[in-house]
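Okay, so here's the structure we're looking at.
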Amino acid sequence: MNDLATWLEEGYPQSVRTAYLILGNRLDAEDAVQEAFLRAWKFRDSLSKETSIKPWLYRVVVNTCNSKLRQEIPHRDRRESDDDLSDTPAADDMPSRLAICDGVLRALSDLPPHLRVVVVLRYYADLSEREIAVAIGRKPGTVKSRLNEARRRLSQHPDLQPDISHRGELKEISG
Amino acid sequence: MTMIDEELLTTALHAEADQFEVSADARSRLLDQIAGTEVRGTRPTTFVGSRRGRSLVGAAAALIVALAIAVPLRNQESPAPHAALRNPEKIVRGEKYAPSTGALAITGSGFALTATGAAADHSTAEQATAGTAQKIESNGTVALVVVHGQVADAITTLTKLATGDGGLVDSTSAHGGTGSAERFSSGTVVLQVPQSSFARLVAQVQRVGHATSVTTNSNNVTAQYVDLQARIHALEVSRAEYLVIMTRATTISAILAVQNQVNQLQSQIEQYQGELKVLNNETTYAALTVNLSAKGHHSSTHHRRTGFAKAWHDSVAGFIDGFEWLLRLAGPLLFAAILLGALYALARLARRSFVRRRL
């Protein structure tokens, strides 16, 4: 249980950012993670010794995000905020980087939630396919097929079509 | 198929997410909340997850298994005859009651007489039935298997049982003997006991040996009894009226005609009184026929086994008995296993669903 407490404390920022990428909104992300962490703590008995904490906790976070996407967000207007995915204001000094990021993020937000979740868990949270399977409660094969489908859709997205010529710039910037 | 570059995707996601400054306040608030939950000790557990819940579920499962095994076995060991004994009032209706409602008509020279109200009225009989104690005649048959060589002893025991209950032995017979009483291989005893002791006698008789079949039959003859009484009463009334008429008769022919009717009535009255007496006896005593046979004896063939043959026979019989016992036990066990399996699957499903919903 001490491991869980430690993870809750240390994993909070990454969980919030993961939720942000899934939900596309900072306030919703913070709400979701708050709720998820409380649930995780409340039902920590269901965490068996054999189960790894990280995917289990992501499962709670993903379920909470899915619940919000299903129940709350569709029934209200989008939060008024300037920090939604793909709405990040452009900066004059880094047009290329922002153009690429915007393109990727817009394409991500256009993905259906079940594909978006696996992309975020794989490429941001850095979970393995097996861990993602635990996190979304599906088989690893399902995860693999969803990842393939998501990448195929992303590659066909209009915002990512022209060229990937900015790739080098982006690596330079982020590296 | 074209795929987006994974490195590009990773970089873009990190670049976007890293811009998000996570509120330190929110994190500390959350941790405070968690700490508060811990302090309050509101550590929720599911009912099944708690120790008490597990104990209760275990007890319920054990009870189900015990019932699943015990009830069918009990039913197998107490077949239909016992059910009949538990319900001694099982009535088999007797012959249909169809009282005569005809009137007596006497035709003589010079006068005619119709005796009205002399016949038993059906409604009168029904009313009388309601006011009369139930008249039940019972009989039964029990087939008993006793230890070889103890047929005579069993007959003695049965005799004691009957006489002890205020009854009597109607008849006895024993067969298959070789001159010695110990060698009887079968026998029949007919016992008669008061009606009130019949059920007890049947139960006691079954304990004398191993009962292989028990048949009991009860017949409610109250209506028949009351009908006979009513007919007798009606005929007696008629006879009294004829006797009055006879005193007024002035001619020989008229006297003879009335006398003839009185004789007929008297004959009928005596016939009904006889029937009533028989019925009374039958309802006072119940008859139980006990067919005895020695273990291993077959009525069609008489094999006296000794030595290895007997040992082999006993061994085979024991094997069959054991196999039968196993088969009898297998059914309830299988049922219990299926039931527990289903309950377990349901409980797992419910628990998973519960946890998923909560998470």
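Just so you know, the protein sequences line up as chains Z and R, in that order. Everything in the first sequence is counted per the working numbering, starting at 1 for the first residue and increasing by one. Everything in the second sequence is counted per the working numbering, starting at 1001 for the first residue and increasing by one. Note that CB positions come from ideal geometry on N, CA and C, so glycine has one too.
Are Val-1290 (chain R) and Val-1193 (chain R) touching if we call contact CB-CB under 8 Å? As a position in the second sequence, residue 1290 (chain R) is number 290, starting the count at 1. As a position in the second sequence, residue 1193 (chain R) is number 193, starting the count at 1. Using a Cβ distance threshold of 8 Å, Val-1290 (chain R) and Val-1193 (chain R) do not count as a contacting pair.
Taking three-plus beta-carbon pairs below 8 Å as touching, is the stretch 1195-1212 of chain R in contact with the stretch 1163-1173 of chain R? Counting Cβ pairs under 8 Å, three or more are found: they touch.
Just to confirm, is the Cβ distance from Ala-1068 (chain R) to Leu-1339 (chain R) under 8 Å? Numbered from 1 along the second sequence, position 68 holds the residue referred to as residue 1068 (chain R). Numbered from 1 along the second sequence, position 339 holds the residue referred to as residue 1339 (chain R). Yes, these two residues count as a Cβ contact at 8 Å.
Please list, in chain order, all residues of the same chain as Ala-1083 (chain R) whose beta carbon is under 8 Å from its beta carbon, the five residues on each side excluded. Within the second sequence, numbered from 1, the residue matching residue 1083 (chain R) stands at position 83. Note that Ala-1083 (chain R) has pLDDT 40, beneath the 50 cutoff, so the model's placement of it is unreliable and no number is given.
Examine the Cβ distances between the stretch 60-67 of chain Z and the stretch 13-24 of chain Z and report whether three or more of them are shorter than 8 Å. yes
In terms of residue numbering, what span does the alpha helix (DSSP H) encompassing Ala-1203 (chain R) cover? Counting from 1 along the second sequence, the entry for residue 1203 (chain R) is found at position 203. 1198-1206 is the extent of the alpha helix (DSSP H) around Ala-1203 (chain R).
Beta-carbon of Ala-1350 (chain R) versus every beta-carbon of chain Z: anything under 8 Å? Looking up residue 1350 (chain R) in the second sequence gives position 350. By this cut-off, Ala-1350 (chain R) is not an interface position.
Using C-beta distances below 6 Å, list every residue in its chain close to Thr-1159 (chain R), excluding the 5 sequence neighbours before and after it, in chain order. Numbered from 1 along the second sequence, position 159 holds the residue referred to as residue 1159 (chain R). Result list for Thr-1159 (chain R): Val-1169, in chain order.
For Ala-5 (chain Z) and Leu-57 (chain Z), I'd like the C-alpha separation in whole angstroms. Within the first sequence, the letter at position 5 stands for residue 5 (chain Z). Within the first sequence, the letter at position 57 stands for residue 57 (chain Z). Looking at the backbone, the Cα of Ala-5 (chain Z) and that of Leu-57 (chain Z) are separated by about 11 Å.
For Leu-8 (chain Z), is the classification buried or exposed, using 16 other Cβ atoms within 10 angstroms of its Cβ as the cut-off for buried? Start at 1 with the first residue of the first sequence, and residue 8 (chain Z) comes out as number 8. Counting Cβ neighbours within 10 Å, Leu-8 (chain Z) comes out buried, since at least 16 surround it.
Got a sec? Which residues, its chain only, sit under 8 Å from Ala-150 (chain Z) by beta carbon, not counting five neighbours each side? Position 150 of the first sequence, counted from the first residue, corresponds to residue 150 (chain Z). Hits under 8 Å: Leu-111, Leu-115, Arg-116, Val-118, Val-119.
Can you grab the Cα-Cα spacing for the pair Ser-1109 (chain R) / Thr-1247 (chain R), in whole Å? Counting from 1 along the second sequence, the entry for residue 1109 (chain R) is found at position 109. Counting from 1 along the second sequence, the entry for residue 1247 (chain R) is found at position 247. Reliability fails at Ser-1109 (chain R), whose pLDDT of 39 lies under 50, so the model's placement of it is uncertain and the value that follows must be treated cautiously. Whole-angstrom Cα-Cα distance: 16 Å.
Taking 8 Å as the cut-off, decide whether the C-beta atoms of Leu-1144 (chain R) and Val-1208 (chain R) are in contact. Counting from 1 along the second sequence, the entry for residue 1144 (chain R) is found at position 144. Counting from 1 along the second sequence, the entry for residue 1208 (chain R) is found at position 208. The answer is yes: Cβ separation under 8 Å.
When burial is assigned at 16 or more other CB atoms within 10 Å of the CB, is Arg-17 (chain Z) buried or exposed? Locating residue 17 (chain Z) in the first sequence gives position 17, counting from the first residue. So Arg-17 (chain Z) counts as buried.
Enclosing alpha helix (DSSP H) for Asn-1139 (chain R) [first to last residue]: As a working note, residue 1139 (chain R) is residue 139 in the second sequence. From DSSP, Asn-1139 (chain R) is part of no alpha helix (DSSP H) but of the beta strand (DSSP E) over 1136-1146.
Comparing the C-beta of Ala-1342 (chain R) with each C-beta of chain Z, is any distance below 8 Å? Translated into positions along the second sequence, residue 1342 (chain R) becomes position 342. It does not; no Cβ of chain Z falls within 8 Å.
Give the interface partners of Arg-17 (chain Z) over in chain R, defined as CB-CB distance under 8 Å, in chain order. Taking the first sequence and counting its residues from 1, the one referred to as residue 17 (chain Z) is at position 17. Ordered by position in chain R, the residues that pass the 8 Å Cβ test against Arg-17 (chain Z) are Ala-1017, Asp-1018, Phe-1020, Val-1022.
With 16 as the cutoff for other CB atoms within 10 Å, does Ser-1353 (chain R) come out buried or exposed? Stepping through the second sequence from its first residue, residue 1353 (chain R) is reached at position 353. Note on Ser-1353 (chain R): under 16 other CB atoms within 10 angstroms of its CB, so exposed under the neighbour-count rule.
With a cut-off of 8 Å on the beta carbons, I'd call Leu-1276 (chain R) and Gln-1229 (chain R) a contact; round off their distance for me. By one-based count along the second sequence, residue 1276 (chain R) stands at place 276. By one-based count along the second sequence, residue 1229 (chain R) stands at place 229. Leu-1276 (chain R) to Gln-1229 (chain R), Cβ: 7 Å. Contact.
What separation, rounded to the nearest whole angstrom, lies between the Cα atoms of Gly-1318 (chain R) and Gly-1149 (chain R)? Along the second sequence, read from residue 1 onward, the residue named residue 1318 (chain R) stands at position 318. Along the second sequence, read from residue 1 onward, the residue named residue 1149 (chain R) stands at position 149. Whole-angstrom Cα-Cα distance: 20 Å.
Sort out for me which residues DSSP pairs Gly-1036 (chain R) with in a bridge. Within the second sequence, numbered from 1, the residue matching residue 1036 (chain R) stands at position 36. DSSP output for Gly-1036 (chain R) lists no bridge partner at all.
Going by other Cβ atoms of all chains shown within 10 Å of its Cβ, with 16 needed for buried, is Ser-1055 (chain R) buried or exposed? Position 55 of the second sequence holds residue 1055 (chain R). With fewer than 16 Cβ atoms within 10 Å of its Cβ, Ser-1055 (chain R) is classed as exposed.
Measure the Cβ-Cβ separation of Tyr-123 (chain Z) and Glu-1006 (chain R) and say whether it is below 8 Å. Residue numbering aside, residue 123 (chain Z) sits at position 123 when the first sequence is read from its first letter. Residue numbering aside, residue 1006 (chain R) sits at position 6 when the second sequence is read from its first letter. Yes. Within cutoff.
Would Asn-1137 (chain R) and Val-1221 (chain R) be called neighbours here (beta carbons separated by less than 8 Å)? As a working mapping, residue 1137 (chain R) is identified with position 137 in the second sequence. As a working mapping, residue 1221 (chain R) is identified with position 221 in the second sequence. First, the amino acid is wrong: residue 1137 (chain R) is Glu here, not Asn. Yes, they are a contact pair.
Check whether Arg-39 (chain Z) and Val-62 (chain Z) have beta carbons under 8 Å apart: Along the first sequence, read from residue 1 onward, the residue named residue 39 (chain Z) stands at position 39. Along the first sequence, read from residue 1 onward, the residue named residue 62 (chain Z) stands at position 62. No, the Cβ-Cβ distance between Arg-39 (chain Z) and Val-62 (chain Z) is not below 8 Å.
Looking at the C-beta of Glu-80 (chain Z), does it have a partner C-beta in chain R at a distance below 8 Å? Reading the first sequence from its first residue, position 80 is the one you call residue 80 (chain Z). Because the pLDDT of Glu-80 (chain Z) is 46, which lies under 50, any placement of that residue in the model is unreliable, and the question is left without a value.
Kindly list, in the order they appear in chain Z, the residues whose Cβ is closer than 8 Å to that of Leu-1009 (chain R). Taking the second sequence and counting its residues from 1, one reaches residue 1009 (chain R) at position 9. Chain Z residues near Leu-1009 (chain R): Val-104, Val-119, Tyr-123, Arg-151, Leu-154.
Just verifying my parser: in three-state terms, what is the DSSP assignment at Val-120 (chain Z)? Within the first sequence, the letter at position 120 stands for residue 120 (chain Z). Looking at Val-120 (chain Z) - three-state DSSP - the assignment turns out to be helix.
Could you work out which residues of chain R lie near Gln-71 (chain Z), taking near to mean beta carbons separated by less than 8 Å? Sequence index remark: in the first sequence, residue 71 (chain Z) carries index 71 (1-based). Going along chain R, no residue has its Cβ under 8 Å from Gln-71 (chain Z), so there is no contact; the nearest lies around 13 Å.
Nearest-angstrom Cβ-Cβ length linking Tyr-1225 (chain R) and Leu-1279 (chain R), presumed shorter than 8 Å: Taking the first residue of the second sequence as position 1, residue 1225 (chain R) is located at position 225. Taking the first residue of the second sequence as position 1, residue 1279 (chain R) is located at position 279. Indeed, because the Cβ distance is near 5 Å, the residues count as touching under 8 Å.
One question on the structure: do Leu-1292 (chain R) and Ser-1186 (chain R) come within less than 8 Å of each other, judged by their Cβ atoms? Translated into positions along the second sequence, residue 1292 (chain R) becomes position 292. Translated into positions along the second sequence, residue 1186 (chain R) becomes position 186. Yes, the Cβ-Cβ distance between Leu-1292 (chain R) and Ser-1186 (chain R) is below 8 Å.
Residue of R:Ala-1330, R:Asp-1032, R:Ala-1240, R:Ile-1320 minimising C-alpha distance to Val-1262 (chain R): As a working mapping, residue 1262 (chain R) is identified with position 262 in the second sequence. Looking at the Cα atoms, R:Ala-1240 is the closest of the given residues.
Under 8 Å, do Val-1146 (chain R) and Ala-1154 (chain R) count as touching if we go by C-beta distance? Taking the first residue of the second sequence as 1, we reach residue 1146 (chain R) at position 146. Taking the first residue of the second sequence as 1, we reach residue 1154 (chain R) at position 154. In contact: Val-1146 (chain R) and Ala-1154 (chain R) (Cβ atoms closer than 8 Å).
Between Glu-10 (chain Z) and Ile-1034 (chain R), what straight-line distance do the alpha-carbon atoms span, to the nearest angstrom? Within the first sequence, the letter at position 10 stands for residue 10 (chain Z). Within the second sequence, the letter at position 34 stands for residue 1034 (chain R). Cα to Cα, Glu-10 (chain Z) sits roughly 14 Å from Ile-1034 (chain R).
Quick check on the DSSP output: the beta strand (DSSP E) that includes His-1360 (chain R) runs from which residue to which? This structure cannot settle anything about residue 1360 (chain R), because the visible part of chain R is limited to 1001 through 1359.
Looking at C-alpha atoms only, which residue of R:Ala-1015, R:Ala-1311, R:Thr-1284, R:Ala-1024 is the closest neighbour of Asn-1139 (chain R)? What you label residue 1139 (chain R) is simply residue 139 of the second sequence in a count that begins at 1. The shortest C-alpha separation from Asn-1139 (chain R) is found at R:Thr-1284.
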